Amino acid sequence: MDEAELSGMSWRSEVRKRPTAEQDRDALARLIEYDADPFEVELYELATDPRTLLVDRAQRRHAGQHERHVRRLKSRGQRPRM
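Note that numbering that gives the first Met the number 0 has the sequence shown beginning at 0, numbered continuously upward.
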């Protein structure tokens with residue numbers, strides 16, 4: 000495996016492990032209800048930005064599509080291209 004493949008695998012793994020943008024938004028909302036710190040409010044506003052949600056969904060979709068592609072190639076006995 001070359002460096003680019005390892006980097007891609009690492010990135011996809013991190014995308015799958017992290018909480019979704021919606022989960023972050025909900026957690027920050029609960030935190031702000033308890034104690035509205037200006038920094039926490041700023042983080043909440045960033046988490047509710049539609050662009051943040053779109054980017055998160057696109058990254059997760061890309062990682063999932065690649066994972067399914069690799070599984071299909073492996074089931075056919077082919078080597079995945081990166």
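All C-beta atoms in this analysis are idealised placements derived from N, C-alpha and C, irrespective of residue type, glycine included.
Here the structure is a predicted model, which means the values were calculated and not measured.
Subject >> Cβ pair count under 8 angstroms reaching 3, the region 59-71 against the region 7-16 >> reply: yes
**OP:** Answer yes if the region 17-30 comes into contact with the region 39-54, meaning at least three C-beta pairs across the two stretches below 8 angstroms, and no otherwise.
**Re:** yes
**OP:** Would you mind stating whether residue 39 and residue 30 have Cβ atoms separated by less than 8 angstroms?
**Re:** Cβ distance < 8 angstroms, so residue 39 and residue 30 count as in contact.
Original post:
Which word fits residue 67, buried or exposed, when buried means at least 16 other C-beta atoms lie within 10 angstroms of its C-beta?
Top reply: exposed
**OP:** Could you name the residues of the same chain whose beta carbon sits closer than 6 angstroms to that of residue 24, not counting the 5 residues immediately before and after it, in chain order?
**Re:** 46, 47
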